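Participant:
Residue numbers (this note's numbering): -1 to 77.
#1: When you compare each of 37, 27 and 51 to residue 131 by their alpha carbons, which one comes out closest?
#2: Taking the beta strand (DSSP E) that residue 16 falls in, what are its first and last residues?
#3: Can you tell me whether residue 19 is buried or exposed? The criterion is at least 16 other CB atoms within 10 Å of its CB, across all chains shown.
#4: I believe residue 67 touches residue 8 by the beta-carbon criterion, under 8 Å. Please report the beta-carbon distance rounded to the nearest angstrom.
#5: Given that a residue counts as buried once 16 or more other Cβ atoms are within 10 Å of its Cβ, and exposed if not, what is residue 54?
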């Protein structure tokens, strides 16, 4: 997976991963990447909230809508 940086995107580096959120589109695509135990770059793409930014913590990304809270955790952070 490669992470290209489109105009208006937000890149959030963490200790174990990077989070790239597109600044356009109806569902703000969020791309998350991290190194595997073998040293290879892995990634996941998820649809974030329309018109909202995700919050990035050391173990998860999350966003809140008027009705729900959504949390996504990478495999290395799951118990």
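No residue lacks a Cβ here, since even glycine has one placed at the ideal position from N, Cα and C. The model shown is predicted, which means the values in this text are computed figures rather than measured ones.
Facilitator: On the basis of the coordinates in this document:
#1: Only positions -1 to 77 of the chain appear in the structure, and residue 131 is not among them; the question remains open.
#2: In the chain shown, the residue the question calls residue 16 occupies position 18. From DSSP, the beta strand (DSSP E) with residue 16 extends over 16 to 19.
#3: As a first step, residue 19 is located in the chain shown; it is residue number 21 there, counting from the start. Burial call: buried.
#4: Sequence index remark: in the chain shown, residue 67 carries index 69 (1-based). Sequence index remark: in the chain shown, residue 8 carries index 10 (1-based). At roughly 20 Å, the Cβ-Cβ gap does not stay under 8 Å, so residue 67 and residue 8 are not in contact.
#5: Locating residue 54 in the chain shown gives position 56, counting from the first residue. Residue 54 is buried by the Cβ-count criterion.
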